[in-house]
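Right, one structure below, let's go through it.
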Amino acid sequence: MDKAMAQKAMTVEQEAAPGPKADGRRQRGTASAQRIIDATIRLIADEGLGGMTMQRIAQSIGSSNSLVVFHFGSKENLLRAVIQHLSDQFDQMWQQMVNAPGLTAEQRVLGAIDCARHFSRQHPDWVAVWVMVGGDRQTMQIDRAISAPNDLAYTAQVRALLAEIAESGDYAGADPDILSAGLNYLVQGAWYWDNAFPDAKASDAMHKTALMLLAYAFPRHFAPG
54 MDKAMAQKAM TVEQEAAPGP KADGRRQRGT ASAQRIIDAT IRLIADEGLG GMTMQRIAQS
114 IGSSNSLVVF HFGSKENLLR AVIQHLSDQF DQMWQQMVNA PGLTAEQRVL GAIDCARHFS
174 RQHPDWVAVW VMVGGDRQTM QIDRAISAPN DLAYTAQVRA LLAEIAESGD YAGADPDILS
234 AGLNYLVQGA WYWDNAFPDA KASDAMHKTA LMLLAYAFPR HFAPG
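Everything in the sequence shown is counted per the working numbering, starting at 54 for the first residue and increasing by one.
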């Protein structure tokens, strides 16, 4: 390669490389899209799915419909982004509370139970949106496509942990399938109940009931709450 060709190749590489300006635009674009997602969550939590219109969302962030369309293209794509955001945030908390290094199987099971409780108390709007989306026939299909893989993985992990405890403690009568399904019903039911009756969120009934169930199945590993 002669000197002129080498110089041209270097120029092309420099133009293609993402510089500070490109990085800045990307960061601003990401922040703008997140503002829209956050605004959508607030609108749905306050007004239900009917409040989710491009115009209302744009107004809430002091912008135009075109910005929302630019980032997401359609209301369905925006809803998908909202659900994906909620799923990612819950998974982040799950990793911290259930999959942190050094935890015993019992601690991981308790972490799985408390993860849902902490998520609901720290982010009531997020849970409200998830409950509304899951209760609508049309949006439920979108939620299922995005959230179901993680939900099934969480349930399978709890089932494996319960099986580990049953084997290590020689609990011949304990059924990990029934126990994991029962705990899942408790957690999911608590979300719907707390969303319908916000004053109930301060209750520890779900946590204590789960502990009673675990103590009954594994009396040497768990104590009733």
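Glycine included, every Cβ here is placed at the ideal spot set by N, Cα and C.
Contact annotation, Ile97 with Met107: C-beta distance approximately 14 Å; criterion of less than 8 Å not satisfied.
Restricting attention to alpha helix (DSSP H) runs no shorter than 4 residues, the segment 127-173 encloses them at 128-150, ordered along the chain. In the three-state reduction of the DSSP assignment, His124 falls in the helix class, which pools H, G and I. The beta-carbon distance between Trp147 and Tyr224, rounded to whole angstroms, is 25 Å. This is too long to meet the 8 Å contact definition. Non-local beta-carbon contacts of Ser113 in its own chain, meaning distances under 6 Å to residues more than five positions away in sequence, involve Ala92 in chain order.
For the set Arg95, Ala86, Leu163, the Cα lying nearest the Cα of Asn130 is the one of Ala86. Put simply, the segment 214-229 does not touch the segment 182-194. Fewer than three CB pairs are less than 8 Å apart. By the CB criterion at 8 Å, Val151 and Ala165 fall inside the cutoff.
Take Tyr245, set aside five residues on each side of it, and the residues of its chain with a beta-carbon closer than 7 Å to its own are Val184, in chain order. Taking the C-beta atoms as reference points, Ile89 is found no nearer than 8 Å to Leu132.
Counted as a single uninterrupted DSSP element, the alpha helix (DSSP H) harbouring Asp247 occupies residues 229-249. Put simply, the backbone Cα of Gln142 is about 13 Å away from that of Ile94.
Judged by their CB atoms, Asp167 and His260 are nearer to each other than the 8 Å cut-off. DSSP, read as helix, strand or coil, puts Ile114 in coil.
With respect to Gln137, Ile231 sits apart: the two C-beta atoms are not nearer than 8 Å. The beta carbons of Leu264 and Pro251 sit about 24 Å from each other, so the pair does not count as a contact at 8 Å. Beyond the five residues adjoining it in sequence on each side, Leu139 comes within less than 7 Å, by CB distance, of Trp179, Val182, Trp183 in the same chain, given in chain order.
In the assembly as shown, Ser117 is an exposed residue. Its beta-carbon has fewer than 16 other beta-carbons within 10 Å.
Across the structure, Ala213 and Asp257 are spaced so that their CA atoms are roughly 25 Å apart.
Rounded to whole angstroms, the separation of the alpha carbons of Gln210 and Ala84 is 34 Å.
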